[in-house]
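Chains as they are written, first to last, in numbering that gives the first Met the number 0: chain A, 0 to 815; chain B, 0 to 815.
2 protein chains.
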Amino acid sequence: MTVLSRQEVISFMKLNQFAIAPTSTTTEIEELKRIYFITAATERLTTHRLLHHLLRQSFPETTTQEAADNKIANLLVSKDMDALSLVQMTTPITATMIWNLFLQLLGFQVEADFDLTHPEKLHSTVNLPNFDQSTLTNTDLLHAWYQLLITHTTTGQTFLDQLASHGYYRQLLARNQLPKPLFFNGKAQPVFDTTKLIHEVVYVESPQDTDHDGQRDLLKVEITRPIESNTQSVPTLYTASPYNQGTNDAAGEALTHDVNVPLTVKQPTSNTVTSNTLTHDSNPLPAPRVINGHSDQAEESFGNTFDYSLNDYFLARGFAVVYAAGIGTKESDGLRTTGDPEETTSTIAVIEWLTGKRVAFTNRTANVAIAATWSNHRVAMTGRSYLGTLATAAATTGVEGLKTIICEAGISSWYDYYREGGLVIAPGGFPGEDADVLAEETFSRQQQAGDYARIKATWQRQLDTITRGQDRQNGNYDAFWDQRNYRNQAANIKADVMIVHGLNDWNVKPRNAEKLWRAMTKLPINHKLILHQGPHIYINNFRSLDFTDMVNLWLSHELYDVDNHAETILPDVLVQDNATPETWHPFNDWGADTNNKTTFHFGAQVLSTTNTDDKTYQFEDQLPAKQFDHYAHNISDWQHDLVAASSPLATNRLRLVAPVQTDTLTIDGCPVVHLNVAVNQTIGLISAQLVDLGLFKRLNGLPTTLARQAMDLGDHFKKEDLREYELATKPSPYQLISKGHLNLQNRTHLTQVEAIKPNQFYQTQIELQPTHYRLTPGHQLGLLIYATDFGMTIRGNQAITYTISATNSWLEVPHL
Amino acid sequence: MTVLSRQEVISFMKLNQFAIAPTSTTTEIEELKRIYFITAATERLTTHRLLHHLLRQSFPETTTQEAADNKIANLLVSKDMDALSLVQMTTPITATMIWNLFLQLLGFQVEADFDLTHPEKLHSTVNLPNFDQSTLTNTDLLHAWYQLLITHTTTGQTFLDQLASHGYYRQLLARNQLPKPLFFNGKAQPVFDTTKLIHEVVYVESPQDTDHDGQRDLLKVEITRPIESNTQSVPTLYTASPYNQGTNDAAGEALTHDVNVPLTVKQPTSNTVTSNTLTHDSNPLPAPRVINGHSDQAEESFGNTFDYSLNDYFLARGFAVVYAAGIGTKESDGLRTTGDPEETTSTIAVIEWLTGKRVAFTNRTANVAIAATWSNHRVAMTGRSYLGTLATAAATTGVEGLKTIICEAGISSWYDYYREGGLVIAPGGFPGEDADVLAEETFSRQQQAGDYARIKATWQRQLDTITRGQDRQNGNYDAFWDQRNYRNQAANIKADVMIVHGLNDWNVKPRNAEKLWRAMTKLPINHKLILHQGPHIYINNFRSLDFTDMVNLWLSHELYDVDNHAETILPDVLVQDNATPETWHPFNDWGADTNNKTTFHFGAQVLSTTNTDDKTYQFEDQLPAKQFDHYAHNISDWQHDLVAASSPLATNRLRLVAPVQTDTLTIDGCPVVHLNVAVNQTIGLISAQLVDLGLFKRLNGLPTTLARQAMDLGDHFKKEDLREYELATKPSPYQLISKGHLNLQNRTHLTQVEAIKPNQFYQTQIELQPTHYRLTPGHQLGLLIYATDFGMTIRGNQAITYTISATNSWLEVPHL
């Protein structure tokens, strides 16, 4: 009848837990004692009384035995017996009984989800503990309960986290019985007081003056930390978010570039990184401010801001959380640069303050210094998109104290964000966006009229410099982009790195993750990679993956120095399956050079691993004005028609289809399209899409919210929705696997422009975005070769004809 | 580049504030003193120093003058002067300067949103205070600041609420300076300590034994209350939500009825409410439990539950919040009934406990009583859908202590939810749902295996009784439905009522609100009605309407007895405009009998106010199997084709279109389709849709999230997204205005079945759902007459031909 408030869908549910630390039975019992789940006396109870005790502990929302017993009586151990009856009798306790309790406590429903006589059939979902005999000992029971505590419930968190949100630790904390921090199974527990969080603002003085006002830039930093940090030092999760102080959406929109402009001839150059417009700041660096005094009291707090729920989860577990928006944002000094070294310097200035190496002030004018006395000098950076980008930027400086970054959907080179193959290529969904647009959008100093009035002229000059520097007439990899390629400094990385990226992220494309990953494999650091099936999203609230636990294991190790073997327990590469919901596969690497490669030859509308063809095939780029206009305003219609077998775009593309798969092909890495191509003009661009064809139910494009606000981040603290990728209810005709673009004038190098002679064939190749894709039996691999990409390239609608010679054209697919 | 975290879209923004209490200047100053915004000394400052003080108070996130001055310096009073400079000089303070400050403090941006030389141009959005002279006095300034404090910012809350979320009250509370509760401009302020909320569970003993286990039903109640309620009594917001303890979605789905079944002949009956299957409980009521003792300490708390953010907002303001799921839900006794009097009794038992008239226990077995010592015996009910339904049910008992209900999208008669015009009619989006399905879905006792094992057989019998009682073969209004028509007891209502309903709610249809509204106009109670353009949604986070403030004004009056004139300040009827975004119109009534009526005669594909026609027009109901099957699985395709001028359904409907509107027609009330109709069978059903035709940009079907988590419900407490209805970016061909359905066997009465003679003409009428719709110039009114409604009726796909005689058929439209 209504939108249900808490809808728990069990069908298809799978628990994939990668953050479970293998623990000996002895240690399990020690840990259970450490959290007072049992005491030495409990261990000596009869097995029935021990079970009663464990059940009692599993309902911390009750404060009396009788109230708990009411709930215990509602659990069945068999068809004919409830748990309260069992513990009051002498009937032997069997493994099946424990499994039944286990499943009910985790939120599974008797009958609807499992059968009391065969609970083990849910084994594929929940890892039930194994028992050797049918009558259980105390040791068996304690082992079982330890396993229960670290297993995920149906709402995507461990049972122990659920107990904590029901007040388990609250009662112990009231009696001061728990150490802080507290770790269980290697992961930090929510024992810090979230009702007394301290919110404070400081202004870090950075070692540069990017707005040339004669003073070093002050950077506003918003700190949230547990009150316990007044007496014991804590580590910090630092999220550098240029969006955090507001954005100028309308101004950004106004600056967005027209993409309906022609492709023009570029002047040939030698193969070099050209420096066209870079200016270097020749002003001497102003002296630091003279410190007028010191204070341990902040003068400013803050209200509502953007909070990343993963950070909030750690606030309850003994970590401080720090947000800073950086140069050129509201209440900070400086100018936006969209990714240049100045922005990186501003990003790490905050870490330098957190580690005692830089000064911050209580306000912007009094020059009263305030130190991060509460910081244990260990910092992790978190966040997605631009936030993850700046985490990468910071890591490539090797700044001391930055122990790890969790880089989600981050840019590792801005060329791979705004450019590709010598072309201006928009991030998916944002045609016409460029470095200047993003700079304008994030220049939130604009939101304070007084400040903006003083900086406006300087800002306009800066914006002009970025617009000139990005040079939309020239898609080459030049000095502007080289300055914004963090991978140039990859060798400096000292922090351990966890990369998270969506295989369907056409905003920050997977190449950003893959090239960073490849660079890291050469470094003496721990590095992990998680590839999910989403676009540009967060994944910390998926039911099928214990991502938050994984990060907890990782950060407890990195920032609290817990010897929990996170670096070996977590898989190096973890990939969400595209064909089966709620399935994640561990791997050792992604896109390794040692992968197999299969070559598909081009033919008349076919891809073939066996037959070759010596014909040529043509397509035109130009469309009738009306059709062009429709596609320009309805990009999804264009995408549909591009792929459809029978299509109004039939003469505007090559559509090559491989035979129906009889086995599974697991593509892993960058597919490469080798082309022998001629064009009837002195300009040309080629786009290619690799697609999975066939009418099948595939994962939805976005995760479904299974239950609103179902995940607790602490004890009556914040909450998060539970989400998961579901199979679509209807079949779809195709799924995009990968794509790529190339300016034929950059056919040899991104850094070299060559002339095109009309109708002369050139041999070139397009490296498509890296992927990991299981093409299952019944599906067909398809390749589209075309020119204008309505979602990403400029759209000149020019009369250009492309001719592909099949003889020397082929698709190379790396696979497992 | 990314999904922005806080995106503030100003274009089209309009502030509509209906909860502003008109206040004299003297009272304004008293109130400013009461919240310590000023003191007697402040009033005597020079005007410049007073302005400095007011600005200082507007940045409560700062604790020093210097930190505040940093922020004051970032406000401009004119193109060339910032606010800090102004207060330090002797330049006269002008109205324009104050308006400029006003707008900046509310979140509007200089240049992007307004011009410093003409801030008054934003007047249509923000009600700037009026000043008589250009040089301002202290009194002017204080009046201005009072107005500022009660005006909404760009993120949909008052400036004072924003200050509170930045810590304004926190500092005063630390010094114990504020009374609790505290009211400003008639509305309760967030001065209660949300970091120390008490969560407790009690079990109320209700005066019935609906599951016949020989004991009165215990009902689980979850209470959240401010710790201050330990020492001072507080009122309660009570939300009765059957969903609150979980739902059995899969079981409900399994029980959902097949709607692809034929319409069958009903036996003629006399005009009476027949009682076919009702059984009355003849068991004697068990005695109350013997009380074993008393406690003031609950034995159980609770963790994560569904929270309605409107309730959370009031937690910070001195109200307790209580959720109860009622009979047949998890950890309560009894059986689900889908709206019968037993459910109402269970609903009000909680109110009776809150007002000291009923016993609750600390757990389910020990019989230790616990009183609501913290309750001030004043209760309001809140919630949407089933929740609002139960608020209505409770109000119709006249239960003492229930001062008001805020009924959002509530059912006032279950016949109007599952039946219509003698037909089985599904709630929109849920074909095949019925009273039994909902009972099964909400019988959350099923989720506890131990409890379920004991009650299962009883429940199956109850479910069978409901299935028989609802009788899907017979759409008549009979005793089953009469028992579930709360309007029968409307005269008992003593609580004041605020109804909120979506004019596009095809789940709980507007008739539920309208008939309740009409019943209330005869009662000596205060009653208010808000009609929005949404479907089945909450509206407490819209930017364009101060709904939360309105409820605050209302509840401060109802529950804290504040003499704030809420009953006269709030408009009786408030309607969101369908044609212009962010526009709300106050009215005195909805669908009044005194409305004008325009008659549209039927013609060949036309509706005419002038011409009549003496022809007959036919349509068939049956479709080819493939087309039928497609529509059955793609209801939106069916709806599209039903309305489209050129359509595969052209012979399966009459489509009558009025001339293009030259003036605006404001429909208000229930349009009625009068029909002279014959059918070639002994069965027949007629559906009708009234539509607005013409390719125009209309409001989107759902509100857009403008800014995630932008609204603060307290001071570092919970948050809510900011949403608003936006105009679609693309034009749509039509908008549904209203619809209705009739079984031709019920052509005279819902309570009388008459036979149909094939091919005989009958005169009948279909009262469409009530609406309020502005049909603006250029649009055309359209009427669709058809039979099977793929989204709502059963779908027999029978060979039935309908013939309409135009002579005696017409559409009657009530309008302003």
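Glycine included, C-beta positions come from ideal geometry on N, C-alpha and C.
Cut-off 7 Å between Cβ atoms - residues of its own chain near residue 383 of chain A, not counting five sequence neighbours on either side: 407, 408, 537
Minimum C-alpha distance to residue 616 of chain A - residue among A:803, A:153, A:205: Nearest option by C-alpha distance: A:803.
Short CB-CB distance (under 8 Å) between residue 227 of chain A and chain B: no
Against chain A: residues of the stretch 88-109 of chain B by CB proximity under 7 Å: 103, 108, 109
Presumed contact (8 Å Cβ cut-off) between residue 469 of chain B and residue 435 of chain B, rounded CB distance: 6 Å
Residues bridged to residue 495 of chain A [DSSP beta-bridge criterion]: Partner(s): A:403.
Neighbouring residues, chain A, relative to residue 164 of chain B (Cβ below 7 Å): Within chain A, the C-beta atoms nearer than 7 Å to that of residue 164 of chain B come from 302, 303, in chain order.
When A:418, A:523, A:457, A:424 are compared against residue 483 of chain A, the one with the closest alpha-carbon: The candidate whose alpha carbon is nearest that of residue 483 of chain A is A:418.
Where residue 69 of chain A meets chain B, residues with beta-carbon distance less than 7 Å: 362, 363, 364
Exposure of residue 319 of chain A, with buried meaning 16 or more beta-carbon neighbours within 10 Å: Looking at its Cβ environment, which holds 16 or more other Cβ atoms inside 10 Å, residue 319 of chain A is buried.
Partner residues on chain A for residue 448 of chain B, Cβ-Cβ distance less than 9 Å: 73, 74, 75, 81, 99, 103, 108, 109, 110, 115
Proximal residues to residue 301 of chain B (C-beta, below 7 Å), its chain only, five neighbours per side dropped: 198, 200, 221
Residue interval of the alpha helix (DSSP H) (run including residue 350 of chain A): 340-353
Residue 144 of chain B, DSSP secondary structure in three states: Helix, per DSSP.
Chain A within 8 Å of residue 588 of chain B, Cβ atoms only: no
Other residues of its chain near residue 3 of chain B: CB distance less than 7 Å, five sequence neighbours each side excluded: In this prediction, residue 3 of chain B has a pLDDT of 38, which is less than 50 and means its spatial position is unreliable; nothing more can be read from the coordinates.
Contact the stretch 439-452 of chain A vs the stretch 246-254 of chain A: 3+ CB pairs below 8 Å: yes
Supposed close pair residue 693 of chain B, residue 777 of chain B - CB separation, criterion 8 Å: 6 Å
Cβ separation of residue 402 of chain A and residue 558 of chain A, assumed to be a contact under 8 Å, to the nearest whole Å: Taking 8 Å as the upper bound for CB-CB distance, residue 402 of chain A and residue 558 of chain A are in contact here, some 6 Å apart.
Residue-chain proximity (residue 711 of chain A, chain B), Cβ-Cβ < 8 Å: At least one CB of chain B lies nearer than 8 Å to the CB of residue 711 of chain A.
Runs of beta strand (DSSP E) wholly within the stretch 228-272 of chain A (minimum 3 residues, chain order): Listed in chain order, they are 233-239.
Proximity winner among A:473, A:796, A:602, relative to residue 827 of chain A (alpha-carbon distances): The structure shown does not extend to residue 827 of chain A, since chain A spans only 0 to 815, so no value can be given for it.
Cβ of residue 718 of chain B within 8 Å of any chain A Cβ: yes
Per-residue contacts from residue 61 of chain B into chain A (C-beta, under 7 Å): 298, 299
Cutoff 8 Å: residue 14 of chain B Cβ touching any chain A Cβ: no
Other residues of its chain near residue 71 of chain B: CB distance less than 7 Å, five sequence neighbours each side excluded: 54, 82, 83
Supposed contact pair residue 597 of chain A and residue 608 of chain A - C-beta distance, whole angstroms, cut 8 Å: 6 Å
Boundaries of the alpha helix (DSSP H) in which residue 549 of chain B is found, first to last residue: 546-559
Chain-ordered residues of the stretch 682-710 of chain B with a beta carbon less than 9 Å from chain A: The residues in question are 707, 708, 709, 710.
Members of the stretch 185-199 of chain A near chain B, C-beta cut-off 8 Å: For the stretch 185-199 of chain A, the set of residues with a beta-carbon nearer than 8 Å to any beta-carbon of chain B comprises 194, 195, 196, 198, in chain order.
Other residues of its chain near residue 451 of chain B: CB distance less than 7 Å, five sequence neighbours each side excluded: For residue 451 of chain B, where only same-chain residues beyond five positions count, the Cβ hits under 7 Å are 444, 445.
The stretch 755-771 of chain B in contact with the stretch 645-659 of chain B per 3-pair CB rule at 8 Å: Flag = no, the stretch 755-771 of chain B and the stretch 645-659 of chain B do not touch.
Three-state secondary structure assigned by DSSP to residue 205 of chain A: The three-state reading of DSSP puts residue 205 of chain A in coil, since its state is none of H, G, I, E or B.
Those residues which DSSP pairs with residue 594 of chain B across a bridge: Looking at the DSSP output, residue 594 of chain B sits in no beta bridge, so it has no partner there.
CA nearest to the CA of residue 660 of chain A, picked from A:810, A:600, A:779, A:690: A:779
Closer than 8 Å to chain A by CB, residue 65 of chain B: Yes - at least one Cβ of chain A is within 8 Å of the one on residue 65 of chain B.
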